[in-house]
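A.B. asks: Per the working numbering, the sequence shown starts with residue 14, numbered consecutively.
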Amino acid sequence: GASGSGRQVLSLQLPPLSPSVWKELSLLHKWQNAASDHAEIHQLLLACCGHPRCLVDGLPAALHERPCLLTNPNEAALIEARNAIMRTCKFNDVTNDYMRGMVYRWFNHYEQDKMDLGEMDAKGLLLLLPDGTKLLNPLMLQFWAKNIKFQVPNAMQFHLSQIYDADAVLGPNTEKRMEALMFHYEAVLRVALAGEPFSLTDFYRGGYVDSTLSTKVTAILPSVGNIVMNVDNFQGKEQVLGLLRQGWIVVSTDTSEPGVEFLSPYKEHGSDKLLVAAVQCKFVQDKAAWGDISQKLQDAINMLESEAVQFFPVVYATPDQESIQTKTYKGGVYFTESGIFEFTNRLGILRLHVMKLGTVLKSHYPWLEGSQVQEAQGQIA
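1) Where does Thr357 land, buried or exposed, given buried means 16+ other C-beta within 10 angstroms?
2) Does the beta-carbon distance from Val346 to Gly220 come in below 8 Å?
3) Hey, quick one: how far does the alpha helix (DSSP H) through Met153 stretch, first residue to last?
4) What whole-angstrom Cβ distance do Val373 and Asp333 have, given they're in contact under 8 Å?
5) Specify the secondary structure class of Leu30 as computed by DSSP and reduced to three states.
6) In whole angstroms, what is the alpha-carbon distance linking Asn277 and Ala291?
7) Alpha carbon to alpha carbon, how far is Gln125 from Asp305? Give it in angstroms, no decimals.
8) Residues in its own chain within less than 7 Å of Thr272 by CB, not counting five upstream and five downstream?
9) For Tyr378, does the three-state DSSP call read helix, strand or coil?
10) Tell me, please, which residues DSSP counts as bridged to Gln323.
11) Measure from the alpha carbon of Leu360 to the alpha carbon of each residue in Leu226, Leu213, Leu139, Ala89, then state which is nearest.
12) Nearest-angstrom Cα distance between Phe296 and Gly371?
13) Given Gln283, which residues of its chain have a CB within under 8 Å of its CB, disregarding the five upstream and five downstream residues?
14) Answer with yes or no whether the minimum CB distance from Glu355 to chain B is below 8 Å.
15) Take Asp106 and list the residues in its own chain whose beta-carbon comes closer than 8 Å to its own, dropping the five residues that flank it on each side.
16) Quick one: is the Cβ of Glu199 within less than 7 Å of any heavy atom of the ligand HEM?
17) Can Arg203 and Leu173 be called in contact, C-beta distance under 8 Å?
18) Could you pull out every residue in the same chain whose Cβ sits closer than 8 Å to the Cβ of Val201, ignoring the five residues on either side in sequence?
19) By a C-beta neighbour count over all protein chains shown, 10 Å radius and 16 as the cutoff for buried, is Glu350 buried or exposed?
20) Extract the residue ranges of the alpha helix (DSSP H) inside the segment 301-358, only unbroken runs of 4 or more that lie entirely within it.
21) Could you tell me which residues DSSP puts in a beta bridge with Cys294?
22) Closest by CA to Leu91, which one among Leu317, Ala158, Leu148?
23) Per DSSP, what are the beta-bridge partners of Leu202 in this structure?
24) Identify the continuous alpha helix (DSSP H) that holds Ile92 and give its terminal residues.
25) Using only alpha-carbon positions, find the residue among Phe104, Asp110, Val328 that is nearest to Ala302.
26) Is the separation between the beta-carbon of Val247 and that of Ile262 shorter than 8 Å?
27) Assign Lys103 to buried or exposed, taking buried as 16 or more other Cβ atoms, counted over all protein chains shown, within 10 Å of its Cβ.
28) With DSSP as the reference, please indicate the residues paired to Asn243 in a beta bridge.
29) Going by the CB atoms, is the gap between Leu226 and Phe325 shorter than 8 Å?
30) Among the candidates Met368, Ser307, His377, whose CA atom is the shortest distance from the CA of Lys343?
31) Between Arg113 and Met153, what straight-line distance do the alpha-carbon atoms span, to the nearest angstrom?
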């Protein structure tokens, strides 16, 4: 194209860089140290996805605007930082309405495949990774999720915001943070589907799904914005089943709850039959004790069982395994680390993906190598 002065302007396609390239740039030395001390800075660096201008121009602009960012990355500082990066990189030339419509489609399994990626790319909304993977700009996702300038946060914004908050404090020994990330992510997917029928195989993309779960279902939604409901425990069977019938994802706040952390309801399409996922999360590195997990899940399901409700187990786990035997996920849905990445990477690259990075996931996505940090001792509670 031509500039205002009539000069010819050539558009050059920069080669995609590894998301961990920030570790190799001397100009980001201060950021590298801060990433070890502050999980929020690590998350911000991952959200840049190796984008050259984000790293070279955007991060210095963010630090200029908020000099205390690297020592006190509070919520206000992070919002300003994302805004500064987007403004510097000219990512923010989209309306709130456009962003809202795009986000809903991005998290809908069936709509995402129909999206005009060319238009999104032209608006700077997509980031290209070394293997050709394209991600919706995570900085924009996070900024939009926390942006209440134009409106009261809707359910999609609320649950996205909660996801990134949980991911920012995820550490080696903080399994409960993984649980929060996963039930808020399920909420995002359910809100995006907006009552549309779908298969559980499509919903749990990346997981090992038993063939018996081929029924079309819908995700019923409560009439209010937030679709997650906390209960003290699952002992009050009638209360729990009542909430599930209304469409709530029901979460037990009892940290000693055996077998199940949260319950997600579905309705069989074309009938009122209730199907409920009984979900367990295991933020592990090497192997998962599948037999022990299955037994505890089944014991918990037996306590809640009702003639009108069909329960099935879902295990979100991160073991460094290439595959799972069919008998392990019989009657349910099981994930390994690679499957968790495939299931959740629409959110961008998360600390969830790199904190316990295993050899199998690295072999599938070599550009994730080096994205983790050595955290300061005692940082995560």
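All C-beta atoms, glycine included, are put in the ideal place defined by N, C-alpha and C.
Please read all numbers here as calculations on a predicted model, not as lab measurements.
C.D. replies: Reading it off the structure:
1) By the neighbour-count rule (16 or more Cβ atoms within 10 Å), Thr357 is buried.
2) The criterion of a C-beta distance shorter than 8 Å is satisfied by Val346 and Gly220.
3) Start and end: 151-158.
4) Contact annotation, Val373 with Asp333: C-beta distance approximately 5 Å; criterion of less than 8 Å satisfied.
5) DSSP, read as helix, strand or coil, puts Leu30 in coil.
6) The identity of residue 277 in the sequence shown is Ser, whereas the question assumes Asn. Approximately 7 Å, taken between the alpha carbons.
7) In this structure, the straight-line span from the alpha carbon of Asp305 to that of Gln125 is close to 37 Å.
8) Per the sequence presented here, residue 272 reads as Gly, with Thr not at that position. Cβ neighbours of Gly272 beyond the five flanking positions: Gln293, Lys309, Leu310, Asp312, Ala313.
9) Correct three-state label for Tyr378: coil.
10) Bridge partners of Gln323: Leu288.
11) For the set Leu226, Leu213, Leu139, Ala89, the Cα lying nearest the Cα of Leu360 is the one of Leu139.
12) Taking the CA atoms as reference points, Phe296 sits about 12 Å from Gly371.
13) The displayed chain sequence assigns Gly, not Gln, to residue 283. Cβ neighbours of Gly283 beyond the five flanking positions: Lys229.
14) Here chain B cannot be found, since the structure has a single protein chain.
15) Taking Asp106 as the centre and dropping the five residues before and after it, the same chain places the C-beta of Lys136, Gly137 closer than 8 Å to its C-beta, in chain order.
16) No copy of the ligand HEM occurs in the structure displayed, which carries no ligand at all.
17) No; because the gap between Cβ atoms is not below 8 Å, this pair is not in contact.
18) Contacts found: Phe120, Met169, His172, Leu173, Ile176.
19) Under this definition Glu350 is a buried residue.
20) 303-317, 350-357, all fully within the segment 301-358.
21) Its beta-bridge partners are Tyr329.
22) Comparing alpha carbon positions, the residue from Leu317, Ala158, Leu148 closest to Leu91 is Ala158.
23) Beta-bridge pairing links Leu202 to no other residue.
24) Residues 88-101.
25) The shortest C-alpha separation from Ala302 is found at Val328.
26) Residue identity check: residue 247 is Phe in the sequence provided, not Val. For the 8 Å CB-CB criterion, Phe247 and Ile262 do not form a contact.
27) Counting C-beta atoms within 10 angstroms of its own C-beta, Lys103 has fewer than 16 neighbours from the protein chains shown and is therefore classed as exposed.
28) Looking at the DSSP assignment, Asn243 forms a beta bridge with Val264.
29) Contact annotation: Phe325 and Leu226 have beta-carbon atoms nearer than 8 Å.
30) Its Cα nearest to that of Lys343, the residue Ser307 stands out among Met368, Ser307, His377.
31) If you take the alpha carbons of Arg113 and Met153, they lie about 11 Å apart.
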